[in-house]
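Read in order, the letters of the sequence shown are residues 1494 to 1694 in my numbering. Worksheet: the structure to be examined is printed underneath.
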Amino acid sequence: MFSKVILGVVLIFLGIWLSFYELIPGGFKWIWGAAFLSFGISEAIVGYIMKSSIRIWGGSVAASMGYFVMMNYILGLKPWPAFLVGFGVAFILQGLMRNNGKELSSGILFTGIGIVFVFCKIFGWWLMKFLWPTFILSPGIGLLIQRIYSGREYKQSLFYLLSISGLLYIVVLGTEYPIMWGIGLIFLGIYVLIRQKKVTP
């Protein structure tokens, strides 16, 4: 059953890419990367369903390698941060499978930082001045989830964490795009109105 799932997903991915290969630079050289990427995603999903850590990790690493090869041939880039995302996804799937908060927190940390690095690697490291609050948000959410899985609820802490991270994003973006200050004030006004409505008897 699961072998058919893997085969089906691989065929769908390859069929889509083969249909539009002329629109993608690099010709057929990237086909091996596409194959690894689709196989790795399928293997990780099947590993989670079958509760197999080996298949989860194997699939995540294969998908990371596939993405790396594809970007190398298509854009001429070597997006090494893709492996951080792969490790993070593997930790998240394994943590969900085992109901383990520590593995989930590690996965969120790796995935968040990895995604930021991938974006900067592809579009330019100048984006770091906008995305740096992720380095605060990722560990914070990871620790929060770890505590929730230990039997405690921290909804208020999550709200303050997201609020602080959102404020940091607005401050950073506001230095380049003043319109962000206006957007931030709009959201602040909406929050005050909602808060006032809840407080009013």
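Where is the CB? At the ideal position from N, CA and C, for every residue including glycine. Values in this document were obtained by computation on a predicted structure and should not be read as measured data.
The three-state secondary structure of Asn-1592, taken from DSSP, is coil.
The alpha-carbon separation between Val-1582 and Ser-1631 amounts to approximately 14 angstroms. Straight across, the Cα-Cα distance linking Phe-1532 with Trp-1550 is about 13 angstroms. The beta carbon of Leu-1624 sits closer than 8 angstroms to those of Val-1609, Phe-1612 and Cys-1613, all from its chain and outside the five residues before and after it, given in chain order.
Rounded to whole angstroms, the Cβ separation of Ala-1527 and Gly-1559 is 7 angstroms, and the two are in contact under 8 angstroms. Residue range 1621-1624 is occupied by the alpha helix (DSSP H) that includes Lys-1622. Apart from sequence neighbours up to five positions away, the residues of its chain that approach Ser-1598 with a beta-carbon distance below 7 angstroms are Gly-1635, Leu-1636, Ile-1638 and Gln-1639, ordered along the chain. Judged by DSSP in its simplified three-state form, Trp-1550 adopts helix. Burial state of Met-1543 is exposed, judged by a 10 Å Cβ sphere holding fewer than 16 other Cβ atoms. Here Phe-1628 has Ile-1606 as same chain residues with Cβ atoms under 7 angstroms from its own Cβ, once five neighbours each way along the sequence are excluded. Within a 10 Å sphere around the beta-carbon of Leu-1577 sit 16 or more other beta-carbons, which makes this residue buried.
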